[in-house]
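Below is one structure, written out as structure tokens, with a few remarks after it.
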Amino acid sequence: MSTKRSKQVHCVHFLTKMAIRDFTTLHILMRKLFEIVLWFIVSLPVCLLYTDNTADWGDDWAGYYAEASHVAHGLPIGQTHFRFFDYNDHYAPPCYPAGYPLLLAPVVAQTGLNMEALGWYMCLWTGLWIALSATFIRRRLGIVAAICGTGIFLLSPYILETKGRLWSDIPFSFFVLAALWMYQGRSRPVYAIVSGGCMGIAIAIRSAGAVVLLAVCIDACLSYATERRRLPLSSLLIMSGAVMAILAVRLLYPVPSDSYYARQLGAATWRSIAANAHTYLLSFDHYIAGGSAMLTSEVHTITWLILAGIITGMVTWRQERLPALTIVLMLVLIIIFPDTQDMRYMIPLLPIMALYMLAALRALHSRVGHIAYLVPVLLLLWAGLLHADQYRTLWHRRHSPHTYGPFTATSQKGLAEVRAMVPGRCLILCRWPRVAGLLTDRDCCVIPEGDLAHQLTSLSIARPDYVLSIEERDAEMTDRIAAAHGDSIVYNANGFRLYRCRPWP
Numbered sequence: 021m022s023t024k025r026s027k028q029v030h031c032v033h034f035l036t037k038m039a040i041r042d043f044t045t046l047h048i049l050m051r052k053l054f055e056i057v058l059w060f061i062v063s064l065p066v067c068l069l070y071t072d073n074t075a076d077w078g079d080d081w082a083g084y085y086a087e088a089s090h091v092a093h094g095l096p097i098g099q100t101h102f103r104f105f106d107y108n109d110h111y112a113p114p115c116y117p118a119g120y121p122l123l124l125a126p127v128v129a130q131t132g133l134n135m136e137a138l139g140w141y142m143c144l145w146t147g148l149w150i151a152l153s154a155t156f157i158r159r160r161l162g163i164v165a166a167i168c169g170t171g172i173f174l175l176s177p178y179i180l181e182t183k184g185r186l187w188s189d190i191p192f193s194f195f196v197l198a199a200l201w202m203y204q205g206r207s208r209p210v211y212a213i214v215s216g217g218c219m220g221i222a223i224a225i226r227s228a229g230a231v232v233l234l235a236v237c238i239d240a241c242l243s244y245a246t247e248r249r250r251l252p253l254s255s256l257l258i259m260s261g262a263v264m265a266i267l268a269v270r271l272l273y274p275v276p277s278d279s280y281y282a283r284q285l286g287a288a289t290w291r292s293i294a295a296n297a298h299t300y301l302l303s304f305d306h307y308i309a310g311g312s313a314m315l316t317s318e319v320h321t322i323t324w325l326i327l328a329g330i331i332t333g334m335v336t337w338r339q340e341r342l343p344a345l346t347i348v349l350m351l352v353l354i355i356i357f358p359d360t361q362d363m364r365y366m367i368p369l370l371p372i373m374a375l376y377m378l379a380a381l382r383a384l385h386s387r388v389g390h391i392a393y394l395v396p397v398l399l400l401l402w403a404g405l406l407h408a409d410q411y412r413t414l415w416h417r418r419h420s421p422h423t424y425g426p427f428t429a430t431s432q433k434g435l436a437e438v439r440a441m442v443p444g445r446c447l448i449l450c451r452w453p454r455v456a457g458l459l460t461d462r463d464c465c466v467i468p469e470g471d472l473a474h475q476l477t478s479l480s481i482a483r484p485d486y487v488l489s490i491e492e493r494d495a496e497m498t499d500r501i502a503a504a505h506g507d508s509i510v511y512n513a514n515g516f517r518l519y520r521c522r523p524w525p
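In my numbering, the protein residues as written are 21 to 525.
Printed below as a string of structure tokens:
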């Protein structure tokens, strides 16, 4: 009887201990979330300084919106007006991953194609990312470092100008950073599962999120090799959380499978890799300088010193390996990937770069004293002065009318007339097919690469019925094909030319 009583007491003690631990974990998590909310409130006025409530002809946004609209209306996510053919390997995949369209779908369901509302929605995501970045740095290096790091790396004119666009970069960056943030507390099961879930959501937004999961595997293997410990349970929980998130998205909203990204990576050469590395170095230099002509040589020198500080911090600051592994693997991936996009692909790395640069400066404290704390403050002031003119320009542009792109009054009228002239089942050849398909409600395909003979051979597969030339962007390319295989011009007004094609062999 006493043994049974002892077991009951032991069971109650164990359950009480687990309840206290879970309550403590929840309490700590709520405190962290409250801090993020405070940083978000502080960053929101900056995020609302300017929003780009329109879009240009570069049509990533149109692909995301079309898929979000299909999700909002219960349609198959992959059946948009963009027609994919094998010849356009270098243009875009047949369908984007479902993660970002799922985030847009609630707003799209309420507002439709309202670029202003969608722009404000993306501003909120930018504020959340900045708030999480500040919390991420503050927890490791203090509040001064958090303010300076976010000010120097995240509040640049580039981020403030593009934050309202329908790009997946900011939400992707948010979930990558959330995964790294929660990973630090992975000894607690809740943190490990949430960290893995954030990695899974990042992968559902962009396939590049898989590098974070790979970094976790490398970190676990390094821990096993250097410390001779068994692989921790947290690694299994992280993987489980990631797999559950990925499966939930892909099972509920399947997208057409394609080897687009594998083909892109497979097409890389040593020459293209070296060219991409040089391009990204110049992009980072331009990002820090903000395009300013002030003190050009000094600006470049400080940019290189910042890069040196980031590398020094990655080598010397050994409290965490995962952020450094994430930087290395992400840079390797985007350098191999042939399509460079200025700073877009490097946005997820900006908070981590800020962390390591500030960690390197913190390491100087033992040698140079408190003057090491002044360096990030001086860098913040320097960045503010350097970008002052661009901040003023953004402020004055906040109510500027649309003078370029598919949402000007002229373009809207022209696209409406094209829609009226093209029968519903016809296929339009266009340089920007996702924008044209979305705004004309007609199926569109992209112009092949190569010389004219190769283009016509490829188009014999697609067999378009019309060719649409947009005067604002790359009209020469479409006009050349229309001259070679066009039958007649059926519309020429409002910045558009629509040609009917001859029958294809």
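For every residue, glycine included, the Cβ atom is placed at its ideal position computed from N, Cα and C. This structure is a prediction, so every number in the text was calculated from the model and none was measured.
- Sorting 460, 449, 61, 237 by C-alpha distance to the C-alpha of residue 431 places 460 at the top.
- Spanning the alpha carbons of residue 295 and residue 58 requires a straight line of approximately 42 angstroms.
- Three or more beta-carbon pairs drawn from the region 372-387 and the region 162-174 are found closer than 8 angstroms, and the two stretches are therefore classed as touching.
- In this structure, residue 215 places its C-beta atom within 8 angstroms of the C-beta atom of residue 203.
- DSSP places residue 139 inside the alpha helix (DSSP H), whose first and last residues are 135-161.
- By the Cβ criterion, the region 217-229 is in contact with the region 112-119, since at least three pairs of Cβ atoms, one from each stretch, lie closer than 8 angstroms.
- Burial is judged here by how many other beta carbons sit within 10 angstroms of a residue's own beta carbon; residue 467 has at least 16 and is buried.
- In this structure, the CA atom of residue 503 is about 17 angstroms from the CA atom of residue 525.
- If you look at residue 516, you'll find it isn't in any alpha helix (DSSP H); it sits in the beta strand (DSSP E) that goes 516-521.
- 330 is the residue among 99, 330, 285, 185 whose C-alpha sits nearest the C-alpha of residue 347.
- In this structure, residue 86 lies near residue 100, with their beta-carbon atoms less than 8 angstroms apart.
- For the set 287, 288, 285, 323, the Cα lying nearest the Cα of residue 302 is the one of 323.
- Residue environment for residue 451: buried (at least 16 other C-beta atoms within 10 angstroms of its C-beta).
- Remark: fewer than three beta-carbon pairs, one from each stretch, lie closer than 8 angstroms, so the region 480-492 and the region 123-130 are not flagged as touching.
- Between the region 504-524 and the region 142-152, the count of Cβ pairs shorter than 8 angstroms is below three; the stretches do not touch.
- Rounded to whole angstroms, the gap between the alpha carbons of residue 255 and residue 283 is 31 angstroms.
- At a Cβ-Cβ threshold of 8 angstroms, residue 105 and residue 473 do not count as neighbours.
- Excluding the 5 residues flanking it on each side, residue 395 has same chain C-beta neighbours closer than 6 angstroms at 381, in chain order.
- Residue 190 is a Cβ neighbour of residue 142, given a cutoff of 8 angstroms.
- A check of alpha carbon separations from residue 121 across 221, 201, 162, 182 identifies 221 as the nearest.
- DSSP lists 447 as the beta-bridge partner residues of residue 463.
- With 16 or more other Cβ atoms inside 10 Å of its own Cβ, residue 368 counts as buried.
- Per the coordinates, the alpha-carbon of residue 415 lies some 14 angstroms from the alpha-carbon of residue 183.
- Closest in C-alpha terms to residue 56, from the list 155, 292, 108, 90, comes 155.
- Spatial neighbours of residue 125 in its own chain (CB-CB distance under 7 angstroms, excluding positions within 5 residues in sequence) are listed in chain order as 88, 91, 92.
- Considering only 62, 164, 478, 173, the residue with the shortest C-alpha distance to residue 108 is 478.
- The Cβ-Cβ distance between residue 495 and residue 434 does not fall below 8 angstroms.
- From the listed residues 493, 62, 164, 66, the smallest Cα separation to residue 411 is found for 66.
- Contact check for residue 145 against residue 194 passes: the beta carbons are separated by less than 8 angstroms.
- When DSSP states are grouped into helix, strand and coil, residue 393 belongs to the helix group.
- For the pair residue 274 and residue 436, the Cα-to-Cα distance works out to about 32 angstroms.
- With contacts defined by Cβ atoms closer than 8 angstroms, residue 300 and residue 360 form a contacting pair.
- Looking at 342, 426, 438, 293, the one whose alpha-carbon comes closest to that of residue 242 is 342.
- Under the criterion of beta carbons closer than 8 angstroms, residue 77 and residue 364 do not qualify as touching, at roughly 17 angstroms.
- When beta bridges are read from the DSSP output, residue 102 appears opposite 464.
- The shortest C-alpha to C-alpha distance from residue 398 to any of 521, 326, 201 is the one to 326.
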